[in-house]
Structure formats: structure tokens, C-alpha cells
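To start, the structure itself, in C-alpha cells.
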Amino acid sequence: MNQPLIIEMRTIAQKLLAARTVGTIIGWEKGSRWYLTPPAFIHNEDQVDRLYFDRFAVNNLAKYLLDYRDSDEKVAVFVKGCDSRGIIRLIQDNQVKKENIIVIGLPCAGMYDRAKVEDPENPHDLPLLNKCLECRYPNPVYADRLVGEVSVSSESGRPTGTYSGFATAQSVGSRADRRFEAVDTLNNLPSGQKALLWQTYAERCLRCYACRNICPACNCAGCIFDSDRKQWTTKAALQSANSFFLVTRAMHVAERCVECGECERVCPAGIPVMSLNRLVSKEINRLCGAYDAGIELKSSFPLSHFNLAVKVGS
Amino acid sequence: MANSLDPAATADDVKRINALLPVKAKILRITQETPDVKLFSISTLDEQLPFPVSPGQLVMLSVFGMGEAIFAASAGENCLEVAVKRVGILTEALHEAKAGQTMGIRGPYGNGFSLDIFQGRNLLFIAGGIGLAPVRSLIKHVLNHRKDFGHLQLIGGFRSPKDLVFKRELTEIWPVSEDFDVAITVDKAEEDWRGHVGYVPDLVKKLKPQLDETACILCGPPVMLKNTFNVLEELAFSPENIYTTLEMRMKCGIGQCGRCNIGSCYVCLDGPVFSLAQLRALPDEY
Amino acid sequence: MKTLNKISLNSALEIFASYAPLYVPAGNETFSGFVRYSTGLEVRLDKNTKLGPKSLLFPRVENLYSYSNHGKDTEISPVPKEIEPTIIFGVRSCDLQAIVCLDDVFLSQTSRGGINDYNYRIRRGNAIIVALGCLEADGDCFCQSMGVDPSEHEQADLQLFDLGESFGVESHTAKGLNLSRLLENSGLLAEKKVAKPRPASFALTVDAQGITHKLQKMFDHSLWDELGAKCLNCGVCTYVCPACHCFDISVCAKDGCNGSTIRHWDSCMFSQYTEMAGGHNPRPGKKEKVRQRFLHKLRYFPERYGKFLCTGCGRCVALCPVNLDITEVIRRVKEAEIDG
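Sequences listed follow chains A, B and C, in order.
Per my numbering, residue 247 is the first one in the first sequence, and the count goes up by one each step.
Per my numbering, residue 261 is the first one in the second sequence, and the count goes up by one each step.
Per my numbering, residue 1258 is the first one in the third sequence, and the count goes up by one each step.
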């Protein structure tokens, strides 16, 4: 991996902590397997050497900013392109105070698909995650600081920064134009088959809420699915209630999903959660014109802003 | 094995077959204790005691279609008495209920107060708000077996004078009972209130209850409990002589659903009555 | 030892299936679990399933009773439980050890009280467990470290050993013997002189010796703050765990008057798990929830029932979205400095 980049990350973290600019740095560290680079929380200078970044640093760290929602503590957070879109969404949803966070942008060469690991003990080559092949914003769209010579860009495009050539060679973004293919395939199934397929998925859903809890767009302080007290729905994993959950979740992240794909990655039941999100965003594009969530701080929202030109049901 | 229940099945039969099934019961009487507390007298459909409970034990009440919740129960003549404060959806449904309505009841759960330990001793009762309910069931037992116990003292705290639960017992019956001192404080007084004003721990500190041969029984909200423990220890009560009943969220009542544990103890099985000495040996998580 | 040629596996499964409802491991890389066998179903025996057999004994959702309100009166009727045997085929030692943990909870084999759970008792009493010994560890397996023998489990009714071309078949109980005889009567079993195969040493090991005792002094340790920061409080670990058994009881209303009271899985990770009606929550934050999960597995359950509530199946290790790895937690506990 790119050692100079990691050193640069550690240096910037060390400086921010030394100057007490922030109390916590949210980054990644090497995990318990060669194919795992989970989130890390760094609170003092002698911990900065834990910081690490490689092609397994897949977790979108934006979500953790919600833990600081009610505090005035300043935190710094490292972001890839997709993570930075999550941060913009959180700021737009008034969940995070811009002045309380320092966003450090990273160059991203795409993340590996750990589900394809064949030898848990010895490192080997892996394909990229679909979401990275389909990625249109590999560069941070928003950052206060940058490392690895990456540039901030709210234009969709090619990766920049230290290993842009490598990322391009690895085909980051090569399937960007075909990102709706999976949902189209599902959508074009004969209706009986389609219903049956989603019934199977709904039956499998454990209601573990991993998809919800890892999603930066799922940022409600309370969720009706946690509560049986109001009896909107049952907490029990009944197929009908699970369908209600899956659809409600997808509709609730409409216009907010930043395509980080974390929901689908963490689903223990193998439900293609991103396809549901994509289905909704495709409809938004069709009805309201092309729209990508979390690209610019000052954007207008297709669903929450009234526009006479939009003809729903057409 | 029976798959359906005989309508004449007793609580014991039901429990033997399926501990999570409630028996049908009915609301015999409802007494409005305070603006947000009602006392429910609950009997079997033919107006008998659903099952015996000892002071400090718990019962699970169901409002069919709304759910279940756990409460401290006290045995009345032909009924169980349960004081319910309106705090959530289920208690709200209970407060809407009318006398005569069918409901479900299962139990009793938990250890209750160990009555032998208190035998022959002076008893200091300290209760905050609805926490008086389990304490009252013990007081009732003590007054029914008055010669087995020594001096009695009750220190009760409530939000305001209108929040006094079991008001007749508190103000008319217990104060004139043999060798029974009753002191009441309210957080916030109203014009005609002539009693103490302030929090329970402060009143305990002020009254300096006697220690000799005394066991203290304490029940109330977690903040009150923790602060009063400290005051009692300052007064040199030993943790072995302080008893409390705890409240936790519970679903099964039989040590299986997992949520009411403090360390490896289940409050529904090993509690809800603990001595402070026992609690000190457990994680501080209640 | 009696042996069953692997070529005859399908015939054996057909015989089992005609004797009683049969559940077998099936699925693919994306999703696998125990499913009802029917002719033609492809059984997956190369590695353990993503979801264990827990839900066959302790379903994700089950009706306890139905109610019907008429005015002030209510009819309640318990949901009848059919008493029919069920065969669970291909259970690994880790998952069987987890069933032993569930037995402790639901059949209350403790001097500290508790009551048999009716539904569990019926299902467990009627389950016939055909266990399959493991010879090799999957990437996240560490059952040996948790005191489980991957190659066989004494609580199996019928134990299978992988002998390469065939399965060794050993019955431990009358129920197992019954199944074994069914195969024998169909001429599917042969008698061979073979030794029980021993499993390879597992790559992933962790030393769990003495951690229950050590954890007794670690309730306030900073480790929990650190782990809690990373945890998302989703329920993946608890729902894929073969031994986690916490549940909720709630109402599933059909309409204003009718419905049922159901029992369903719940997780100590969830926000309302311990929250009381008045709002007080003894385990309010991520730290307290994470601590409860690990202390329950490694300290509280051993204190109460004398065994770990973790059997080393590795599912939570494989599926945790943030790599909160229980073997790492055990290692950290071992290394932790504590006062006193």
C-alpha cells in the first residue's frame, strides 16, 4: 500500500491533536484479517500510528459523526469520495455542524470486495466492489484538508491524486454509465417472478438494521422500526413487516442516498439493498431531472422542493 | 400434554403448561390515587384471588391487544392490588380501562422481601412516589403481624401534595398505628401544605433515623435510591441492613428474555429485592 | 464403525424425510441456512451455513396465544403446538453446543430457578439432531478455543464423521439409533474398521482461560469505551449468533379486536431493549450495550450456567460491519491492565 499516504495521514492527525484543533480523529486501522481495515478512533498523539488506509478501508465514516450530534466536541474525519458525499448530506440535514468537523479528503483507488476472499490467511488479488466500478465521484466532493495530492471536485470524473493512474487501470468508475443495469434487470423480470424474488428477500431479512445503522442518510434520531409502542409496525421479522421495512427504508433515503453501498455490503442476508435505492434514484432522475445526492452543499432537492415542472405519475 | 386450556385452569396449571400464558382476570375496582396513578384491584373472573403474592413480588399484566407490563403487586382480600402510574402506551391503556374489563395476569415473579430477616427488628421504610406500592405491601404485612416487629418509621417523598399515593393510609391510618412514625416530604409545596418540603435524602439526613436493630426498606426512582443509599451509609447503616426493590424493563418474568439482568442476576428471578450489600457486589447498571 | 457411502446421501435423506420433516443446510455464498428438505434440494455440506439451526428450536417469530376482545370480555386461546418429530441434519459442533446453551436457558437447568419454556421444550424434545463433525476450520472458526470439539458432540442424537468417501455413523441416543436403523434396514450402512477422524488444528485460536474471572474486575475498564465507539449497535452479531437468545413479547394485532401475542428475537444492541416506559435506561449508550453483549457471553453466562455463551462459530466475526471481533476482545481482555 501507499506508505507515503499513510504517513501523511498520521502526520496531519498528529498535528491536529497536538494543536488541540480536534479531540478525536476518525479514520481506519488494520483489522484482525488481511482483508479488513475497520474504523478507528484516535484521541491522542501516541495513537496516530494506528491509522491506516488501504483498499479495504471500505467503511463510510460519515455515519459516526452522528455520535457527536449533540456535543460540541470537534472531530476530524477521513473521507473517500463516497464518504464525503455522506458528510454533505449530514450537513444538509442539519445533523452535523460544519464548524465542528474537519474533513480530510483522500485519494481513492477503489475498494476490494472482501466477499470474494478465498484464502483467509494469505493475501491474494481481489476484484473491486461493484460500487467502485460504478463510482462517478471518486474524489472528495467536500474537504477541509487534503492528503495524497487529491483534488476536491464536485464534478463526476476520474480519480485524482497519488494513485490515479492505478485507480484508472483498476477500472474505478468503468461501469458508471451502466450503474442502473442491476436494477433494470430486476425491474424487467416478469411481475410474478419479481414479486416472488422480493418475497424471498423479505423472508430472509433478519431486521438486524445493519443497513440502517451504517447508512449516513439514515440519520433520524429515532426510528419507528425500533418501537413497538406506537404499533405502526411490529418489531417481529414477519415477511410483511420486513417488506414494509425494506420499502420504507428505501423511500426514506430517496434523494439522500450517496451510493456508498454500505447497506448492501453489511446485509447478512444477502439482500440487494442498493438496487432498491437505485430504483428510487432512477425514478427521481426520470421525474425531476438528473440528480446526485450530496454533491454540493448548496443544492436544491428534487423531492423536498416544490417544482411545477415535475409531473408525477407521468 | 394439554394443547388447549381448560377454562377452569388455575394459575398454577397455566404456569406448569406455559409460563408465558396469562390467566384471564378482571378489574374489580379502580381507585384514582393521584392525577396519574390509579390503583387496580384485580381478581379472577369469579372474583377470587388470582394467586397469592408475597410483599415485593411482581406480576405481569396484559391488556389484550396492547401488550404486557410488569408491576409490583400486593395481595388484597380477594384480589391483587396494582398501582399503575401513567407513563407509556400500556399504562395509558390500563388507565383507560373500566371496572369489569377482562385482562390477563401472570406471576408471581421474583423473590419478594425475605420476611424472616425483618422479624423482631425495627423497620425504616423509605419510599419515593409510586415506589410506595411495594413498600406498602410490606407495611400491610407488618401491620397484620404487628407483634413480630419493632418500631416502624416511614419517610415518603412525592412530587407535590396532589401526588400522594395511598393518601388515606399515609395520612390517616399509619400515623395512628401503634409505634409508627410517618414523615412525608414533597418536592414542591402548595399553599395548604404544612409538611416537609425537599427531597427524600435530605429529609432522611435531617430526621437521623435510629440504627439499632433496624432494617431499612427503600424503594423509588433510581436517582432517589442512589442518593439515599449514600445518606444512609453516612448515617452508619450497614449495606447488609438496607433493602431495596428494583425496577427494570421485563418481558418474560422468568429469567429468559435477557433484558433485566444486572451482572449475572436477573431482577425478575433473583430480585427484585436486593440488599445494598448484594447490589454493591453487582455492576452499577440499574 | 457403521458407514454411509456419500453416494447414498440422497437416499438417506429421502428415508429421513419420509420419517419426519427434515431440515438440511442449503444455499450459496450469499446466503445459506437450514431449509426444509424436498427431493432434488442441493444439500450444502462443504462449510457451515451463514445462519445456524437456532430458529428451528427458537423461531424468529412465534405465536404464544391469540386473543379476541368482545366488549369487556376476551377469549384467549393458546396456539396448539403439533408434537411431531423434526430431524435437523448436518448440525456442526459449535451450533450444537449453542443448543446446549439454549437448553440451559429455556429448560432452566440451574439451581437458581426459572421455569421451562413450553414452546422450546416441545420443539427440543421432538428434535432429532444429526450432527456432522468438522475436520477443517473455516476462516473465522475458533470453536476449539471455546472448549468445543469440532469433530463430534456428545449431545448429538446421531453423529456423522467425514471419512472422505463415506460418513461414519454413530448413534448416541435412542432417537439416533432409530434413524440409524432406518438406514440399516434399507441396506445403506456398512460396517468398517475405521478410526474416528481427528480434526486439523485450527489456525484461529484464542486463549479464553480465566477471562470470566478477569472480566469480574473489568466492568469499568476503558476497553468498553473504545469498542463502543466503533460499534454501530446493529443486531447482526446477535441475530447470526447460534447462542444469543434474547427475545421480546409483543402484540401482533389483526384488527381492533383480534390478534395474537407473539414472541420474537430481540437484541441487546437495540435502543429500546432496556428502556423503561418512563424513559430511564440502565444501558443507554453504545458502550453499555457492547459491554453487556461481551460480558453476557464471557462472564455472566459462565457465572450462571458454567459455560461460555460463545461457541466459536465465527459468524459474528465474519459478519460484523466494523470488525468488532470477539477473539480480539478476548485477547484484549487477557492483555488488559487492571487495578488490584
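Glycine included, every Cβ here is placed at the ideal spot set by N, Cα and C.
Keep in mind it's a predicted model, so treat the numbers as computed, not measured.
> Can you name, in chain order, every residue of its own chain whose Cβ lies under 8 Å from the Cβ of Gln361/B, other than the five neighbours on each side?
Replying inline: Counting from 1 along the second sequence, the entry for residue 361/B is found at position 101. Closer than 8 Å at the Cβ level, and outside the excluded window around Gln361/B, lie Lys286, Ile287.
> Does DSSP put Gln1473/C in a helix, a strand or coil?
Replying inline: Looking up residue 1473/C in the third sequence gives position 216. In the structure shown, Gln1473/C falls within a coil segment according to DSSP collapsed to helix, strand and coil.
> At what residue ranges does the segment 475 to 512 of chain A contain a whole run of the alpha helix (DSSP H), taking only runs of 4 or more?
Replying inline: List check, alpha helix (DSSP H) in window: 485 to 498, 508 to 512.
>> Under 7 Å, CB to CB, which of the residues in the segment 299 to 332 of chain A have a partner in chain C?
In response: Of all residues in the segment 299 to 332 of chain A, Asn305 have a Cβ within less than 7 Å of some Cβ in chain C.
>> Which residue marks the beginning of the beta strand (DSSP E) containing Gln260/A, and which one marks its end?
In response: Mapped onto the first sequence, residue 260/A falls at position 14. Run containing Gln260/A: none in the beta strand (DSSP E); it sits in the alpha helix (DSSP H), 249 to 264.
> In whole angstroms, what is the alpha-carbon distance linking Asn404/B and Asp376/B?
Replying inline: In the second sequence, the residue the question calls residue 404/B occupies position 144. In the second sequence, the residue the question calls residue 376/B occupies position 116. Distance between the alpha carbons of Asn404/B and Asp376/B is about 15 Å.
> Just curious, the beta strand (DSSP E) that Gln338/A is in, first and last residue?
Replying inline: If you number the first sequence from 1, residue 338/A lands on position 92. For Gln338/A, there is no enclosing beta strand (DSSP E); the enclosing alpha helix (DSSP H) has its first and last residue at 327 to 338.
> Looking at the structure shown, is Ser521/A part of a helix, part of a strand, or coil, going by DSSP?
Replying inline: For the purposes of this step, residue 521/A is taken as residue 275 along the first sequence, with counting starting at 1. The answer is helix: DSSP assigns Ser521/A an H, G or I state.
>> So the candidates are Tyr1280/C, Tyr1322/C, Asp1303/C; which of them puts its Cα closest to the Cα of Asn1515/C?
In response: Indexing the third sequence from 1 puts residue 1515/C at position 258. It is Tyr1322/C whose Cα lies nearest to the Cα of Asn1515/C.
>> I want to know whether the segment 468 to 487 of chain A touches the segment 409 to 427 of chain A - three or more CB-CB distances under 8 Å.
In response: Touching, no, given that fewer than three Cβ pairs across the two stretches are closer than 8 Å.
>> Between which two residues does the beta strand (DSSP E) holding Lys286/B run?
In response: In the second sequence, counting from the first residue as 1, residue 286/B sits at position 26. Where Lys286/B is concerned, the enclosing beta strand (DSSP E) stretches over 283 to 294.
> So with Cβ pairs under 8 Å, would you call Cys378/A a contact of chain C?
Replying inline: Against the first sequence, residue 378/A aligns to sequence position 132. Answer no: the Cβ-Cβ gap between Cys378/A and chain C never drops below 8 Å.
> Can you pull the DSSP bridge partners for Leu321/B?
Replying inline: The residue given as residue 321/B occupies position 61 in the second sequence. Bridge partners of Leu321/B: Ala329/B, Ile365/B.
>> Counting C-beta neighbours from all protein chains within 10 Å, is the total for Ser264/B 16 or more, i.e. buried, or is it exposed?
In response: Within the second sequence, residue 264/B is the residue found at index 4, counting from 1. Annotation note: pLDDT 41 at Ser264/B (below 50); position unreliable, no value reported.
>> Can you tell me whether Arg1589/C is helix, strand or coil according to DSSP?
In response: Counted from its first residue, the third sequence places residue 1589/C at position 332. If DSSP states are grouped into helix, strand and coil, Arg1589/C belongs with the helices.
>> Which residues in chain A have a C-beta closer than 7 Å to the C-beta of Gln1529/C? List them in chain order.
In response: Sequence index remark: in the third sequence, residue 1529/C carries index 272 (1-based). Neighbours of Gln1529/C across chain A, judged by C-beta separation under 7 Å: Asp472, Ser473.
>> Taking DSSP's pairing of strands, which residues face Asn1285/C in a bridge?
In response: For the purposes of this step, residue 1285/C is identified with residue 28 of the third sequence, where counting begins at 1. The beta-bridge partner set that DSSP reports for Asn1285/C is empty.
>> Ignoring anything shorter than 3 residues, give me the beta strand (DSSP E) runs that lie fully in the segment 1393 to 1463 of chain C, in order along the chain.
In response: For secondary structure counted as the beta strand (DSSP E) over 3 or more consecutive residues, the segment 1393 to 1463 of chain C holds these complete runs in sequence order: 1415 to 1419, 1423 to 1428, 1446 to 1448.
> Which ranges does the alpha helix (DSSP H) cover as unbroken runs of at least 4 residues, wholly within the segment 1262 to 1314 of chain C, from first to last along the chain?
Replying inline: As for any alpha helix (DSSP H) of minimum length 4 sitting wholly inside the segment 1262 to 1314 of chain C, the runs are 1266 to 1276, 1311 to 1314, ordered along the chain.
>> Can you give me the C-alpha to C-alpha distance between Leu414/B and Ala1575/C, rounded to a whole angstrom?
In response: Numbered from 1 along the second sequence, position 154 holds the residue referred to as residue 414/B. Numbered from 1 along the third sequence, position 318 holds the residue referred to as residue 1575/C. The alpha-carbon atoms of Leu414/B and Ala1575/C are separated by roughly 57 Å.
> By the 10 Å Cβ neighbour count, where 16 or more other Cβ atoms means buried, how is Leu463/B classified, buried or exposed?
Replying inline: By one-based count along the second sequence, residue 463/B stands at place 203. Buried, by the Cβ-count rule.
>> By the DSSP assignment, the beta strand (DSSP E) with Trp1522/C in it spans what residues?
In response: Residue 1522/C sits at position 265 when you count from the first residue of the third sequence. From DSSP, the beta strand (DSSP E) with Trp1522/C extends over 1515 to 1522.
> Who are the near neighbours of Ser1268/C in its chain, counting only those whose CB is closer than 8 Å to its CB and skipping five residues on each side?
Replying inline: Start at 1 with the first residue of the third sequence, and residue 1268/C comes out as number 11. Contacts found: Ser1443, Leu1445.
>> Rounded to whole angstroms, what is the Cα-Cα separation between Ser1458/C and Gly1390/C?
In response: Residue mapping note: residue 1458/C aligns to position 201 of the third sequence, counting from 1. Residue mapping note: residue 1390/C aligns to position 133 of the third sequence, counting from 1. Using only the alpha carbons, I get a separation of about 14 Å.
> List, in order along the chain, the chain C residues whose C-beta lies closer than 7 Å to that of Arg450/A?
Replying inline: As a working note, residue 450/A is residue 204 in the first sequence. Around Arg450/A, the beta-carbon contacts reaching into chain C at under 7 Å are Phe1288.
> Considering only the beta carbon of each residue, do Pro1578/C and Ala322/A sit closer than 8 Å?
Replying inline: Taking the third sequence and counting its residues from 1, one reaches residue 1578/C at position 321. Taking the first sequence and counting its residues from 1, one reaches residue 322/A at position 76. Result no, Cβ atoms of Pro1578/C and Ala322/A do not sit closer than 8 Å.
>> Does any residue of chain C have a CB that is nearer than 8 Å to the CB of Asn278/B?
In response: Within the second sequence, the letter at position 18 stands for residue 278/B. The beta-carbon of Asn278/B is placed less than 8 Å from the nearest beta-carbon of chain C.
> Using a Cβ-Cβ cut-off of 6 Å (strictly less than) and excluding sequence neighbours within five positions of Glu328/B, which residues of its own chain qualify?
Replying inline: As a working note, residue 328/B is residue 68 in the second sequence. If we look at Glu328/B and ignore the five residues flanking it on each side, its Cβ neighbours are Met320, Ser322.
> Between which two residues does the beta strand (DSSP E) carrying Phe1558/C extend?
Replying inline: Counted from its first residue, the third sequence places residue 1558/C at position 301. No beta strand (DSSP E) contains Phe1558/C, which is instead part of the alpha helix (DSSP H) from 1558 to 1562.
>> Taking only three categories from DSSP, how would you classify Tyr1324/C?
In response: For the purposes of this step, residue 1324/C is taken as the residue at position 67 of the third sequence. In the structure shown, the three-state DSSP call for Tyr1324/C is strand.
> Which partner residues does Val464/B have in the DSSP bridge list?
Replying inline: As a working note, residue 464/B is residue 204 in the second sequence. For Val464/B, which the question treats as bridged, DSSP gives no partner whatsoever.
> I think Val1281/C touches Leu1298/C, with their Cβ atoms under 8 Å apart; what is that distance to the nearest whole Å?
Replying inline: Translated into positions along the third sequence, residue 1281/C becomes position 24. Translated into positions along the third sequence, residue 1298/C becomes position 41. With 8 Å as the limit, Val1281/C and Leu1298/C qualify as a contact, their Cβ atoms being about 7 Å apart.
> Among Glu1332/C, Tyr1496/C, Lys1450/C, which residue has its Cα nearest to the Cα of Val1426/C?
Replying inline: Position 169 of the third sequence, counting from 1, holds the residue named residue 1426/C. Comparing alpha-carbon positions, the option among Glu1332/C, Tyr1496/C, Lys1450/C lying closest to Val1426/C turns out to be Lys1450/C.
> List, in order along the chain, the chain C residues whose C-beta lies closer than 7 Å to that of Glu367/A?
Replying inline: Sequence index remark: in the first sequence, residue 367/A carries index 121 (1-based). Under the 7 Å cutoff, chain C gives Ala1460.
> What residue from Gly391/B, Phe378/B, Ile390/B, Val425/B has the CA that sits closest to Asp408/B's CA?
Replying inline: For the purposes of this step, residue 408/B is taken as the residue at position 148 of the second sequence. Here the closest residue by C-alpha is Phe378/B.
> At a Cβ cut of 8 Å, what residues of the segment 313 to 331 of chain B count as close to chain C, listed as they run along the chain?
Replying inline: The segment 313 to 331 of chain B vs chain C, Cβ under 8 Å: Ser322, Phe324, Gly325, Met326, Gly327, Glu328, Ala329.
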